[in-house]
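A.B. asks:
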Amino acid sequence: MVRYHEAGRFCEKGQVWDQDSAFFHLEHAAECGELEAIVGLGLMYSQLPHHILAEVLLQDTKQNRTKGFEYLCRAAEAGDRPSMILVARAYDTGVNLASDREQDWKEALHWYDKALNMTDYDEGGEYDGTQDEPRYLLLAKEAEMLMTGGFNLDQDLQRSGELYTEAAEDAMQAMKGRLANQYYQKAEEVWAMMKE
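In this text, residue positions in the sequence shown follow the working numbering: the first is 176, and each later residue adds one.
1) Buried or exposed, going by whether 16 or more other CB atoms sit within 10 Å of the CB of Asp255?
2) Given a cut-off of 9 Å, decide if Leu228 and Phe198 are closer than it, judged by their beta-carbon atoms.
3) Based on DSSP bridge pairs, tell me the residues matched to Leu291.
4) Met347 to Gln357, Cα distance in whole Å?
5) Given Tyr311, which residues of its chain have a CB within under 6 Å of its CB, disregarding the five upstream and five downstream residues?
6) Per DSSP, what are the beta-bridge partners of Leu328 in this structure?
7) From Gly217, Ala204, Leu338 and Gly189, pick the residue whose C-alpha is nearest to that of Val150; which is it?
8) Give the C-beta separation of Tyr287 and Ala318 to the nearest angstrom, bearing in mind that I take them to be a contact with Cβ-Cβ under 8 Å.
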């Protein structure tokens, strides 16, 4: 129904389509568990670029941002990889994090892990296990957090070194030689920290 509203199927030629009705149907679809609607609302409320109802802009309020983050968490739980990465980044950096949540690297690591291990169909039937974010970038991010520790995450140099090495191998397979060398160098730095 949302797409029909957006395409102008329910209005006379030359008339503006009914954004309120389209938004109502989008919220209804999300309540029914439609993944595309959940993701769309999450992005809209969070003030992020969205493809569904692209012309609809919502007010930038704390309440809307909190609602948006909740929708993104629901989408991540349903197996939407881009939402997993958005939620992980929010917990990692604090950017786009709901005001009722705090930066939490343990939670960020959980979502980065889920995104990394996502190679199956998500609930929406899309096979996007590695489309939007290369594995080596996520692995390196995890390694960096574990090397530093903080925000509820204990430092784990052993695991950090392993992840940097894995990131380097993945980067090498992706023909990113310079990046792979940087990751190998980081792994060596972590191993050196362990010996101290």
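The beta carbon of each residue, even a glycine, is placed where N, CA and C say it ideally should be.
C.D. replies: Considering the structure as presented:
1) buried
2) yes
3) Paired residues: none, contrary to the question.
4) 11 Å
5) Ala342, Asp345 and Ala346
6) Gly325
7) Nothing about residue 150 can be read from this structure; the chain reaches only from 176 to 371.
8) In fact, because the Cβ distance is near 10 Å, the residues do not count as touching under 8 Å.
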